[in-house]
Structures are given as structure tokens and as C-alpha cells.
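Here the sequence shown is numbered in the numbering used here, starting from 1478 and rising by one per residue. Virtual Cβ for every residue (Gly too), placed ideally from N, Cα, C. Note that the structure is a prediction, hence the values are computed from the model and not measured. Data first, discussion second: the structure below is written as C-alpha cells.
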Amino acid sequence: MTAASESAPWDRYWAYGNLHSFSQVTCGNYGGGIAAFWRERFAALADGACIVDVATGNGAVALLALDTAVATGRGFTVHGTDLAAIDPVTRVSDDAVRERLARIHFHARTPAEALPFTDATVDLVCSQFGLEYSDTARSIPELARVLRPDGRAALILHHGDSAFVRSARDEARGIDYVLDEARVYLKTRNFLRALAETRPPRGGSGGTLPPKAAKKRRAVDEAIQSIQSAARGHSNPRVLLGPLNYVQEVLAMTGRVGPNEALDWLEEARQRVVSMRQRLADMQVAACTEGDIARIKGQLDAAGFAPVRTAVFEDENGSVTGWRVEADRTA
Ligand SMILES: C[S@@+](CC[C@H](N)C(=O)[O-])C[C@H]1O[C@@H](n2cnc3c(N)ncnc32)[C@H](O)[C@@H]1O
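Below is the structure:
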């Protein structure tokens, strides 16, 4: 684990309107053991409590806090902060969810290392798959600063063996294959450029491709076949067929739009896939080893938290979901 990333891949991801970080693994909000964990932490808070969800993304955990307030008849003030340019209230696609998100105070472009809250004003700082992306030597003292003397920090952090991180690893390998081995984006770009350079022969029927474009198109078809063949032998074909799908959509539109417009769409799709690969790579860098958790525990101890409890977090089926770290701010 190191301090990961710049925010561009996340800016893009949240702008697509996903509620949480694993749209490929689970839809809706987090459920099962994760949701139960958070609901229990929120339900233990008194009426009027102030909750800050650090690295909130589009507010999935903050939303669980708000829903717990409603379910228990308590009034919580809920904040969600993130380094990325988040705007959940306009971006999340589900109308009913957006209405609930509007009751949360979101703070975009807000690093965990510099929180915009007055000293000793927060009852619970939570963060799920978030704090490990920050420079914990600076963000942990920041949690201590904003928490009230009897406040608490509750964290779920990535574990290298969790289903989330394993799935990210698979997806990243799939993208590597599509981009760097089959090179289908590059070959499609070459094909579209050849098409754009071609002036239709005078009186030509327009039905057949000119020889140069036809050759480039054969290279595209071969790349597509190699990806499809790799997908047939893959336990999760979607990791290969997903990034290929955008190319096929662009190829399908070349009859309707000119090659230059198709090139623009292809570039947009390529950037989307490259950004996804960066996000998945950052997730693997952020995943914590036992040593990382020991270091975080040491940083919490040094910042004035006691006791600090750490454990592997397993879901309701006994599968590793992450690490769980809870710590009380001493008076
Ligand atoms: C895996 S997502 C987690 C989002 C959400 N908590 C969830 O559980 O779905 C990681 C988030 O951490 C944010 N992030 C990365 N570095 C950060 C930092 N230094 N300070 C605050 N947020 C950061 C990213 O922008 C991204 O939204």
C-alpha cells in the first residue's frame, strides 16, 4: 500500500453515475455483511450526531448513514468528502437515490489529508475502501483532529485477497490483453484512418473497401477473433468482451457516421478503458497487507486513538471482504 493516485480516473468514474466503486460486482448499494456493519455503527450514535464519510465517492456509505437515521428516527448530519470532483446529487442515475443524497453534504476535491471541519466536532469518521488511498501519515492525524474526544473512527480497507481486489486484478489483465496484446483499439484506429484518407473512386459503388482499408480491417477482425477466442477459455469472459464491446459499437456505427466521427468515438472509448485500468491498478496498490495494517494501527496509536481494533473482515458467507479497523479517540 502506498498513497495512490491522482483523481482523474475517479472523476470520470463517478461522473458516469455509479453509486459505488464496484458496479461490475454488485448493483444497487452495498448489501449483506458490509451494509450490516455500517448500519450497526450508525445505529449506535446518538440523535444529532455528526458523521463524516471520507473518500465517499458517490456517497454509498454516507447514504447508509442517512437511511439509518431515518430508520431509527434520529437526526444525523452526514458529510461525504472525496479528492475527486464528485457531484452525486446530479450524477447518480436513480431519481429516488438522488433525492436521498440531496440531504448529505458533499465536499468535492477534498483530500483526506486536509478535512474542512473544525477541531473536535465530529462523532464518527467512517471510510470504506478510501483511507488506504491517502497518505495515512497525514490523514490519520486529520481524523484525530476533527473527532470529538469520545469520537470514533471506523474503517473498511482493501485486502489483497478480497473478491473486490481479485476481480479488479482480473479486469485489469483483461484490459491489458485487449489494449496491449490484441491491440484492437490501435488496429481499429488504423483502419478508420485509412478509411478517412480514402476518397471514394469516381463512379465507385462504395460497397467494397479500398485495398489499404480492407487490409487494415482484416487486422481488426483478427484482433477481435483473438479476443473472442481468449474469452471462450476464460472463467469471466466479460473482462475481455467488455472492453471489446466499445470497439464493436464504433465499428457498427461506421456505416452511419463518417470515419472521422467514428475516430472521435473510438478515442473516447479508449480513454474510458485506459482510465478504468488506472483505477483498477490504483486499487491493487491501495490494498493493504498485514504489515500495512500494523503500520496504520501504529499511526492511530500515535495520533491518540485507543484502543485500536483490527481484523480481517469477512462477509456473511465467510469470504474475505477487506480489513476492518476501529479506533476510539481518547479524551
Ligand atoms: C474505491 S473508491 C471508494 C468509494 C466509496 N467509499 C465506496 O465504498 O464505494 C476510493 C475513493 O477514494 C478517493 N480518494 C483517493 N485518494 C484520496 C485522498 N487522498 N483523499 C480523499 N479521497 C481520496 C477516490 O477519489 C475514490 O473516490
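- Item | Buried versus exposed call for G1508 [16 or more other C-beta atoms within 10 Å across all chains shown] | exposed
- Query: Would you call the CB atoms of R1580 and D1600 closer than 8 Å?
  - Reply: no
- Message: Relative to the C-alpha of A1758, which candidate in V1569, R1646, F1514 has its C-alpha closest?
- Response: R1646
- According to the neighbour-count rule (16 or more other Cβ atoms, all chains shown, within 10 Å of its Cβ), is Q1755 buried or exposed? buried
- Message: Taking the alpha-carbon of A1561 as reference, which of P1486, V1727, L1578 has the nearest alpha-carbon?
- Response: P1486
- Task: Compute the Euclidean distance between the alpha carbons of A1779 and D1769, then round it to the nearest angstrom.
- Result: 15 Å
- Item | Under the three-state DSSP convention, the category V1661 falls into | helix
- Three-pair Cβ contact test at 8 Å for the segment 1620-1639 versus the segment 1693-1710: no
- Would you kindly report the start and end of the unbroken alpha helix (DSSP H) that includes A1492? 1485-1492
- Task: Taking only the alpha-carbon atoms, compute the straight-line gap between D1596 and E1517 and give it to the nearest angstrom.
- Result: 26 Å
- Message: Under 7 Å: does the beta carbon of L1634 sit that close to some heavy atom of ligand 1?
- Response: no
- With 16 other Cβ atoms within 10 Å as the buried cut-off, status of G1607: buried
- Message: Taking a contact to mean a Cβ-Cβ separation below 8 Å, would you say A1542 touches D1524 in this structure?
- Response: no
- Roughly how many whole angstroms lie between the Cα atoms of T1545 and A1520? 6 Å
- Query: Taking the alpha-carbon positions, what's the E1648 to G1550 distance?
  - Reply: 41 Å
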